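One structure is given below, encoded as C-alpha cells.
Numbering (our numbering), first residue to last: 30 to 213.
The following block contains the structure:
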C-alpha cells in the first residue's frame with residue numbers, strides 16, 4: 030500500500046470511529062475536523078516526511094474517546110503508530126484535574142515526535158477555542174485553559190520552531206478573542 034493510501038485509510042477509520050462526536054464549541058463542528066487539522070499541522074511540521082506521525086495524529090484520540098485498543102491500532106497501522114497514539118493518550122481512569130497535571134508533568138519527557146503531535150493538538154484546540162468556544166465557558170475558564178495549554182507547551186518546546194510560533198499565535202488569538210467579548 031502506498032503511503033498516501035495509508036493516510037487516507039487512517040482518515041477514513043478516524044472519521045468512522047468518531048462519527049457521532051462533535052467539538053464542544055458553539056459551532057459543534059464534526060470531530061474529524063480537529064483530527065484532520067492536527068494531522069495537517071504534524072505533516073507540515075515534518076515536511077511530510079513522517080507519514081506515521083500524520084497517521085498517529087489522525088488517530089490520536091481513538092483510545093481516549095472511542096475506547097479503541099492499542100492492539101487494534103497496531104494491527105491496522107503498525108506498532109510505531111500505536112506507540113505514538115499511546116504516548117499522547119490520557120488515562121481516562123484518572124480525574125480530569127490529575128490528567129491535566131500529568132500533561133504538564135510529562136510534556137518535557139515525551140519523545141520528539143509525540144511532542145510535535147501534542148503541540149499540534151494544542152494549537153488546534155486553541156484555534157477552536159478562539160473561533161467557537163463552548164457556550165458554557167466563561168472568560169475566566171477560557172483564560173485558565175490557555176494558561177494550562179501554555180504550561181503544557183512549555184515542556185514541548187525545542188522540537189519545531191514553526192509549530193511553536195503557531196502555538197504562540199493560537200494562544201494569543203484565543204486570549205484576544207475572549208478579552209474582547211468580556212469587555213462588551
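Yeah, the Cβ is synthetic: ideal placement off N, Cα and C, and Gly gets one too.
Since we're looking at a predicted model, the values are computed, not measured.
query	result
The region 41-48 / the region 131-148 touching (three or more Cβ pairs under 8 Å)	no
Expected contact under 8 Å - CB spacing of residue 72 and residue 83 to nearest Å	5 Å
Neighbourhood of residue 212 by C-beta distance below 8 Å, restricted to the same chain and skipping five residues each side	The predicted position of residue 212 is uncertain, since its pLDDT is 47 and thus under 50; no value can be drawn from it.
Residue 31 CB to nearest heavy atom of the ligand GDP below 6 Å	Summarising the ligand content, the structure contains no ligands, and the ligand GDP is consequently not present.
Three or more C-beta pairs below 8 Å linking the region 153-173 and the region 192-209	yes
Boundaries (first-last residue) of the alpha helix (DSSP H) holding residue 150	141-160
Proximity below 7 Å, CB of residue 32 to CB of residue 80	yes
Paired residues, beta bridge with residue 51 - DSSP	59
Coarse secondary structure for residue 72, derived from DSSP in three states	helix
Start-to-end residues for the alpha helix (DSSP H) that takes in residue 181	168-185
Unbroken alpha helix (DSSP H) run spanning residue 134, endpoints	125-135
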